[in-house]
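Novice:
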Amino acid sequence: MAIPLPNDVTTFQDNWRFCNHCYSLWWNGRPDNGACPSGNSPDGQHHGQGSWNFYLPANPSESI
């Protein structure tokens, strides 16, 4: 499996955050923050206080 080089990626999507409860990335573009599967979240949603804004490749080359 080939790994795309940065110049092969044509589009990036921002607004990905790290959840403090389930320790995974989720897309923070929804008003409800999505459902956190950890069972540790007080309201059942993802929480990313202090998280960086991660940019993920959105349209990598077809060799993946």
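Heads up: the sequence shown at position 21 corresponds to 15 in this note's numbering, and the numbers run straight through without jumps. Yeah, the Cβ is synthetic: ideal placement off N, Cα and C, and Gly gets one too.
Could you check whether ARG11 and SER32 sit closer than 7 Å to each other, using their CB atoms as the reference points?
Specialist: Here residue 32 refers to the residue found at position 38 of the sequence shown. Here residue 11 refers to the residue found at position 17 of the sequence shown. For SER32 and ARG11, no; Cβs fall outside 7 Å.
Novice: My output table needs one value for GLN43: the three-state DSSP class, helix, strand or coil.
Specialist: Position 49 of the sequence shown, counted from the start, is the residue given in the question as residue 43. If DSSP states are grouped into helix, strand and coil, GLN43 belongs with coil.
Novice: In whole angstroms, what separates the C-alpha of GLY42 from that of GLY28?
Specialist: The sequence position of residue 42 within the sequence shown is 48, counting from 1. The sequence position of residue 28 within the sequence shown is 34, counting from 1. Straight-line spacing of the CA atoms in GLY42 and GLY28 works out to 12 Å.
Novice: Could you check how far apart the C-beta atoms of ASN47 and ASN9 are, in whole angstroms? I think they sit under 8 Å.
Specialist: Position 53 of the sequence shown, counted from the first residue, corresponds to residue 47. Position 15 of the sequence shown, counted from the first residue, corresponds to residue 9. Yes, they are in contact, since the Cβ atoms of ASN47 and ASN9 sit about 7 Å apart, within 8 Å.
Novice: Residues in the same chain with beta-carbon distance under 6 Å from GLN7, minus the five sequence neighbours each way, listed in chain order, please.
Specialist: As a working mapping, residue 7 is identified with position 13 in the sequence shown. For GLN7, where only same-chain residues beyond five positions count, the Cβ hits under 6 Å are LEU50, ALA52.
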